[in-house]
Amino acid sequence: MENQISSLSISGIATFPHLLTLFLNRNDISSITSGFFEYMSSLRVLNLSNNDSLRELPAEISKLVSLQYLDISETAIKELPKEFKALVNIKCLNLENTYYLHTVPRRLISNFPMLNVLRMFNCGFLCQGKESVLFGGSEYLVEELLGLKDLNALSITLKSSQAFEKFLSSYKLQSATQSLCLQYFDNSKSLNVSSLAGMKSLDALSICNCKHLEELKIGSAGEVEKILETHAFHNLVTVHIDCCLKLRDLTWLIFAPNVKKIVISSCYEMEEISQCWKIG
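Take the sequence shown: its letters are residues 910 to 1189, numbered as in the numbering used here.
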């Protein structure tokens, strides 16, 4: 890792039938030729993260039938090949900050029964193909996640209030969530922050491009009491608010005493961060 490798080819590559771990992160890799993974059937850990020019993975990645950990975060990957379904032993999949990822085939994520950790924070930020599980605000994605029995760590981006409501219907998904990004809630003027209180492991929250969102509030005195009793937001460390043009305050952050980083950008009506809170 942290070299200047620009391409991976089969030329000169010997067979590595016993290779277990391969770190190629933080390079300049832009291409991986077909056949590169052909003779690595024992590989369990593959890290390709932080290769900014890497746009695609070869279909032959399906040969890595023993793979348990795959990290392709911070890459320019555009789609996951359908052959990914062969990687049924995957336990940890990191797709964070893959902004150009437009296609994650449907019924792919649900085909990983052993998946423990799934990281999709800021995944598919720019666009989604119609055949992708990300299409339609991520409702299809939530449906697939509901079937993963062993999932215990999740970072996720949701792009519609419908997907968010379906997500909130699952105590298991809420409990597993460590990072949450909410985007493009175009029809929402208000968001009840107490709906996030079930996410006891939440350490990062991002709310972006909700152009009509005016307030983040606590719904009632009873909800305030519950939040205080359960220390609901005590693990929250990072809050990012971007392009919420009408949002006026973040006073609910009084319930998150351990926040260390707040980033606010393009929120032109923001007046107050945290001095008091709203009830009602």
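A virtual CB, placed ideally from N, CA and C, is assigned to each residue, including glycine.
Quick caveat, the model's predicted, so the values are computed rather than measured.
In the structure shown, the three-state DSSP call for asparagine 1101 is strand. The Cβ neighbour count for glycine 1056, taken over all protein chains shown within 10 Å, is under 16; the residue is labelled exposed. When C-beta atoms of the region 1026-1042 are compared with those of the region 1053-1070, three or more pairs fall below 8 Å, so the two segments count as touching. With a cutoff of 8 Å on beta-carbon distance, valine 1102 and leucine 1125 are scored as near each other.
For tyrosine 1080, the enclosing alpha helix (DSSP H) has its first and last residue at 1080-1085. Here arginine 1016 is exposed. Its C-beta has fewer than 16 other C-beta atoms within 10 Å. In the DSSP assignment, phenylalanine 1073 falls within the alpha helix (DSSP H) that extends over 1070-1077. Cβ atoms of isoleucine 999 and leucine 963 stay farther apart than 8 Å, at about 19 Å. Taken atom to atom, the span from the alpha-carbon of glutamine 1087 to that of alanine 1113 is near 7 Å. Bounds of the alpha helix (DSSP H) holding lysine 1135 are 1130-1139. Counting C-beta atoms within 10 angstroms of its own C-beta, leucine 1137 has fewer than 16 neighbours from the protein chains shown and is therefore classed as exposed.
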